[in-house]
Amino acid sequence: MKATEKVVLITGAARRVGAAIARHLAAEGCQLVLHYRRSRSDAEALAAELRHQYRTECLLIAGDLAAVNFPAQLIAASMAHFGRLDGLVNNASIYQSSSFAQITPEDWQRMEAIHLRAPLFLTQAAAPHLRRSHGAVVNIGDIHGEIPLRSYLPYSVTKAGLLALTRSLAKELGPDIRVNSVSPGVVLWAENQDPPDGDKQALLERNALKRVGNPQDIASAVAYLLFDAQYTTGHNLVVDGGRMLY
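First residue of the sequence shown: 2, per this note's numbering; consecutive thereafter.
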């Protein structure tokens, strides 16, 4: 099947890495479902850009992935519009710091809902459609799912859970559906948390390539796992410039 016939749903697609994934897949000819929560103007601008540049058919859907019924509704709306689904990219994420003593049940529940519950139930709802298309799921993890980051306990633990979910889903859904993950290192500095230049340099010294990555690096990895890696499932592709070597 040509890429122009493939439909991919991306969560958290309006900005940053999600938008880079959307641009890359649009360039390959995919039709896209672009999910966002609050970034309506960014999502609309991205869709207009993709329609103009690549003639991409884009469906925009807003909603909170932490709402219990929303994942199933998101898949249903995608199917009602396109009639098929070939790929699911669970990209939506929350990057939030908190000291151990200040973690609240609400913090934990929100992280768990976005990083674990939503990917699980989105995949569950999408599975019958992905099975028909022999499609694929790509979860966006983080190297801190393997190397915990201090003061980011809920984030690190739920991203670790997402890696376990990836492997479990690969067993559950094979042989018809492949499930993999991508774990980025530093590709963008966190919004509203831009570290001092000295801290940035110290971080880059613990990176074999000595530079920050680019969202396009993650987008390329996602496209590879969606379409090219036909004998790969249950794998976590680390894209970190060699950070985990240190």
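Glycine included, C-beta positions come from ideal geometry on N, C-alpha and C. If you're wondering where the values come from, they're calculated on a predicted model, not measured in any experiment.
Span separating the alpha-carbon of Met2 from that of Ser134: Legend: pLDDT at Met2 = 47, less than 50; position of this residue unreliable, value from coordinates given subsequently. CA-CA distance, Met2 to Ser134, rounds to 10 Å.
Ala212 versus Ala14, Gly186, Asn237, residue with shortest Cα-Cα distance: First, the amino acid is wrong: residue 212 is Arg here, not Ala. Closest by alpha carbon: Gly186.
Among Leu204, Ala126, Ala28, Tyr96, nearest to Glu58 - alpha-carbon criterion: Ala28
Spatial neighbours of Val8 in its chain, beta-carbon cut-off 6 Å, leaving aside the 5 residues before and after: Gln32, Phe83, Arg85, Leu86, Asp87
Asn237: CB within 7 Å of a non-hydrogen atom of the ligand ZN: This structure lacks the ligand ZN; in fact it carries no ligand of any kind.
Nearest candidate by alpha-carbon position, reference Leu10, set Gly19, Val18, Val34, Phe122: Val34
Alpha-carbon to alpha-carbon, Gly30 and Ile104: 43 Å
Local conformation of Arg133 per DSSP, three classes: Looking at Arg133 - three-state DSSP - the assignment turns out to be helix.
Contact under 8 Å by Cβ, Gly136 with Leu164: no
Short Cβ contact (8 Å threshold) for Asn181 with Val240: no
Beta-carbon spacing of Leu123, Leu75 below 8 Å: Yes. Within cutoff.
Three-state class that DSSP yields for Gln231 in the structure shown: Here Gln231 sits in coil by DSSP.
Distance CB(His25)-CB(Ala224) smaller than 8 Å: yes
Residue closest to Glu147, alpha-carbon to alpha-carbon, out of Phe71, Phe101, Leu246: Leu246
Reference Ala191, options Ser94, Ala67, Ala68, closest by Cα: Comparing Cα-Cα distances from Ala191 to each of Ser94, Ala67, Ala68, the minimum goes to Ser94.
Distance between Tyr55 and Ala23 (C-alpha atoms, nearest Å): 11 Å
Segment contact flag, the segment 170-180 with the segment 125-132, C-beta cutoff 8 Å, min 3 pairs: yes
Bridge partners - Ser157, DSSP secondary structure assignment: Partner(s): none; Ser157 has no beta bridge.
Test item: CB-CB of Ala220 and Gly243 under 8 Å: no
Tyr37 and Ala68 closer than 8 Å at C-beta: no
Selected residue, minimal CA-CA separation from Val90, among Ala203, Gln202, Leu205, Thr167: Thr167
Inter-residue Cα distance where the pair is Pro155 and Glu113: 8 Å
Three-state secondary structure (DSSP) of Ser169: helix
Neighbourhood of Leu66 by C-beta distance below 6 Å, restricted to the same chain and skipping five residues each side: Ala93, Ile115, Ala119
Coil, strand or helix - Glu6 by DSSP: helix
Endpoints, alpha helix (DSSP H) assigned at Val223: That run of the alpha helix (DSSP H) goes 216-224.
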